[in-house]
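Structure first, then comments.
Number of protein chains: 2
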Amino acid sequence: MRLAITGAGGFVGRKVVELALARSDCRSITITDCSLPSTSPDPRLRVIEGDIADPLMQDAVLADADAVIHLAAVLGGAAEADPEASRRMNLDAALDLIHRARGRRFVLASSIAVYGKPPAIIDDDTPCAPTLIYAMHKRMAEIALETAVRRGEIDGVALRIPGVVARPDLAQGLKSAFLSNLFHAMRQGRGFTMPVAPEGRSPIASVHAVAAALLHAAVSSITPGDGRSLLLPALSVQFSDLEAALRQRFPSAPPITYRPDPDVMQGFGMFGDVQAADATHLGYPADRTLAELIARAL
Amino acid sequence: MRLAITGAGGFVGRKVVELALARSDCRSITITDCSLPSTSPDPRLRVIEGDIADPLMQDAVLADADAVIHLAAVLGGAAEADPEASRRMNLDAALDLIHRARGRRFVLASSIAVYGKPPAIIDDDTPCAPTLIYAMHKRMAEIALETAVRRGEIDGVALRIPGVVARPDLAQGLKSAFLSNLFHAMRQGRGFTMPVAPEGRSPIASVHAVAAALLHAAVSSITPGDGRSLLLPALSVQFSDLEAALRQRFPSAPPITYRPDPDVMQGFGMFGDVQAADATHLGYPADRTLAELIARAL
């Protein structure tokens with residue numbers, strides 16, 4: 001397989017590159033982002049820096065690839081702050097890339113944010129009702145991919161990714177950053193205030209599980225029927241349980257404070273279970289237990 | 299109410315203008331299209347010719363309106379032949395107009411084509427699975443409007459319109475043109491070949507019912523919960539029944555031939571019932587009987 005990975009310099013992208021390099025069936029790996037850290041000198045790597053919204057860049061990235069993992073995106077908080085940038089990257093660039101990638105395998109990184117205000121249970125039949133700009137544009141890109149699959153123009157799937165932990169402790173334009181920052185604070189023995197209630201819940205997955213799922217989607221040609229987008233497995237963890245599990249590893253971490261922010265709680269704390277039956281049936285990898293998730297996330 | 303109507307020179311648009319002029323509560327009616335036939339000298343009419351994809355045009359059209367009916371579109375067959383034109387008009391122009399129309403009432407003309415391969419019954423919970431380029435872009439525009447409504451940025455609804463009869467007997471870039479052309483052929487006493495099987499069914503509505511529904515959506519601020527798009531009522535008529543009903547009015551019309559084209563049959567002949575409970579509950583007008591539909595369509 002000759003693989004191309006957009007957004008390869010991002011948190012999830014770097015892990016996908018690492019896992020791809022570990023596979024002997026990846027003969028060529030084109031990685032692209034606005035800027036990329038210096039990488040291993042693996043002869044299979046093709047490195048292309050630039051703006052993936054540029055059609056010439058898209059052609060260059062696709063030239064040596066028969067499968068694409070499209071991760072490049074303007075994330076949630078950044079998209080809210082600049083809807084035009086979100087439209088340009090999350091909608092227009094995605095539509096162009098899907099069009100240009102005809103005949104290839106295409107994996108679109110989407111998000112459980114497409115469901116909007118979380119229903120009691122998220123499963124394969126949960127309707128989408130985005131409220132965030134980011135989620136709205138991701139849902140539109142999903143529709144472009146789903147339709148192209150139904151039309152037989154492309155082979156691929158959009159994966160709806162849960163909260164990925166543990167992202168670097170940086171301002172990321174992510175409203176859900178607290179999920180990762182809890183890991184960093186407890187590991188570092190810092191106090192931390194969660195902007196949610198202890199009994200709140202959010203579906204999370206380790207970056208390892210998410211990267212492995214993206215790669216699974218790129219190498220398998222297994223897709224759900226009718227081209228539809230696929231909910232990835234996630235552990236919907238109560239925040240107090242997550243704190244307790246982290247405390248087993250870091251017993252000397254100071255107590256966590258919970259000061260719920262209604263907006264954050266509404267957006268990221270009111271989830272119920274995630275039941276990703278289709279993805280499980282199709283062999284998508286997942287964190288099996290909270291302990292495994294934490295071990296991988298750290 | 300000060301109303302703006304895009305695509306006002308089209309078949310449905312002209313009927314909307316006619317019905318709006320008959321309402322005393324329409325104080326101002328801005329009509330726009332690439333080209334418009336000379337209209338009645340009603341002092342309430344503002345006529346603007348131009349390309350509604352142009353932002354300056356959009357501002358001009360919105361300047362004197364507090365409600366918009368957005369009908370301008372590249373229709374089904376034309377969109378298949380020129381996907382770029384469809385993206386520019388059905389997606390980009392719609393997204394721009396929805397954005398610029400903030401604070402107003404917005405009615406988007408969508409289509410039952412968003413359901414794709416017709417399920418046995420279409421109702422308010424039928425998931426969308428577009429296969430046509432036109433339907434794909436319309437579904438994306440629906441998502442833009444639904445999200446903006448959920449965000450409280452705009453008030454409005456997308457209406458999913460069934461086959462509208464009887465369109466003028468012209469090449470229209472419509473694969474469903476046979477539905478209208480059957481009316482014209484029988485009225486004119488011409489023979490006609492239907493590209494579907496006599497036992498096939500398609501949901502249709504008179505242009506009067508559809509125009510009245512669009513106007514109902516513009517004047518009422520009643521919308522379904524959560525901003526979701528609304529399936530309009532339609533009569534799902536078996537083609538042999540439609541022929542028989544038309545024959546009662548035109549007894550001397552020669553027999554109709556049925557020569558099913560698999561593509562047309564798949565796209566327009568395999569429908570079951572349409573059960574538009576939400577629209578009916580919200581008072582949307584509809585053709586009550588096939589006889590009424592035919593009388594209005596002629």
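Note that the protein sequences, when read in sequence, are chains A and B. Here the first sequence is numbered in my numbering, starting from 1 and rising by one per residue. Here the second sequence is numbered in my numbering, starting from 299 and rising by one per residue. Beta carbons are placed, not taken as given, at the ideal position from N, Cα and C, and that holds for glycine.
Residues that residue i contacts on chain A, provided the C-beta gap is smaller than 8 Å
i, result
"G414/B", "R150"
"P552/B", "Per Cβ cutoff of 8 Å: no residues; P552/B is ~38 Å from chain A at best."
CA-to-CA distance, residue j to residue i, given in whole angstroms
i, j, result
"L95/A", "A302/B", "30 Å"
"A60/A", "D42/A", "20 Å"
"H99/A", "G525/B", "30 Å"
"V12/A", "M563/B", "45 Å"
"A510/B", "V157/A", "40 Å"
"A72/A", "S322/B", "52 Å"
"H216/A", "L298/A", "22 Å"
"A507/B", "D585/B", "6 Å"
"L544/B", "S538/B", "10 Å"
"R195/A", "G272/A", "Looking at the sequence shown, residue 195/A is not Arg but Pro. Distance between the alpha carbons of P195/A and G272/A: 18 Å."
"L443/B", "L232/A", "27 Å"
"A351/B", "L395/B", "8 Å"
"M270/A", "A120/A", "8 Å"
"D324/B", "R344/B", "Contrary to the premise, residue 324/B reads as Cys rather than Asp in this sequence. When rounded, the distance between both Cα atoms is 12 Å."
"A483/B", "D421/B", "32 Å"
"A593/B", "L477/B", "15 Å"
"M355/B", "R386/B", "15 Å"
"E80/A", "Y115/A", "17 Å"
"A166/A", "N181/A", "7 Å"
"L319/B", "V517/B", "13 Å"
"E199/A", "R342/B", "59 Å"
"T193/A", "P254/A", "11 Å"
"T578/B", "R104/A", "45 Å"
"G76/A", "P583/B", "40 Å"
"G555/B", "I31/A", "In the sequence as presented, Gly is not what sits at residue 555/B; that position holds Thr. So the two alpha carbons sit approximately 58 Å from each other."
"Y134/A", "P83/A", "8 Å"
"L174/A", "A113/A", "12 Å"
"G189/A", "F183/A", "10 Å"
"G191/A", "K15/A", "28 Å"
"S147/A", "T429/B", "In the sequence as presented, Ser is not what sits at residue 147/A; that position holds Thr. If you take the alpha carbons of T147/A and T429/B, they lie about 6 Å apart."
"A276/A", "C128/A", "15 Å"
"T289/A", "A197/A", "22 Å"
"S111/A", "A399/B", "28 Å"
"L62/A", "L540/B", "51 Å"
"G581/B", "S519/B", "12 Å"
Closer than 7 Å at the beta carbon, the chain A residues around residue i
i, result
"M434/B", "I143, A144 and T147"
Under 7 Å from the C-beta of residue i: neighbouring residues of chain B
i, result
"M140/A", "M438 and I441"
Nearest-angstrom Cβ-Cβ length linking residue i and residue j, presumed shorter than 8 Å
i, j, result
"R458/B", "L528/B", "7 Å"
"V107/A", "I154/A", "Not quite, the Cβ-Cβ distance comes to about 11 Å (not below 8 Å), so this is no contact."
"D364/B", "R300/B", "5 Å"
"S202/A", "V237/A", "7 Å"
"D331/B", "E347/B", "7 Å"
"G9/A", "L36/A", "5 Å"
"A532/B", "I502/B", "6 Å"
"L512/B", "A376/B", "Contact doesn't hold; Cβ gap of about 21 Å is too wide."
"S176/A", "H137/A", "With a Cβ gap of about 17 Å, S176/A and H137/A do not count as contacting."
Contacts of residue i in chain B (Cβ-Cβ under 9 Å)
i, result
"P305/A", "In the structure displayed, chain A extends from 1 to 298; residue 305/A sits before or after that span and is not available."
Closer than 7 Å: residue i CB and nearest the ligand ZN heavy atom
i, result
"G498/B", "In the structure on display, the ligand ZN does not appear, and there are no ligands present to speak of."
Exercise for the section: Mind checking the region 216 to 235 of chain A against chain B and listing, in chain order, the residues whose C-beta falls within less than 7 Å of any C-beta there? Expected result: Per Cβ criterion, the list reads D226.
Practice task
Let me know the alpha helix (DSSP H) ranges lying completely inside the region 335 to 414 of chain B, each 4 residues or longer, listed in chain order.
Solution key: Listed in chain order, the complete alpha helix (DSSP H) runs (minimum 4 residues) inside the region 335 to 414 of chain B are 353 to 360, 374 to 379, 381 to 384 and 392 to 398.
Practice task
Identify each residue in the region 19 to 42 of chain A for which the Cβ-Cβ distance to at least one residue of chain B is less than 9 Å, and report them in chain order.
Solution key: For the region 19 to 42 of chain A, no residue has a beta-carbon sitting nearer than 9 Å to a beta-carbon of chain B.
Practice task
For the region 421 to 495 of chain B, list the alpha helix (DSSP H) runs that are entirely contained and at least 4 residues long, ordered along the chain.
Solution key: Within the region 421 to 495 of chain B, the runs of alpha helix (DSSP H) that reach at least 4 residues and sit entirely inside it are, in chain order, 431 to 448 and 475 to 486.
Handout entry: Whole beta strand (DSSP E) elements within the region 517 to 558 of chain B, 3-residue minimum
Key = With a minimum length of 3 residues, the continuous beta strand (DSSP E) runs that stay inside the region 517 to 558 of chain B are 533 to 536 and 554 to 556.
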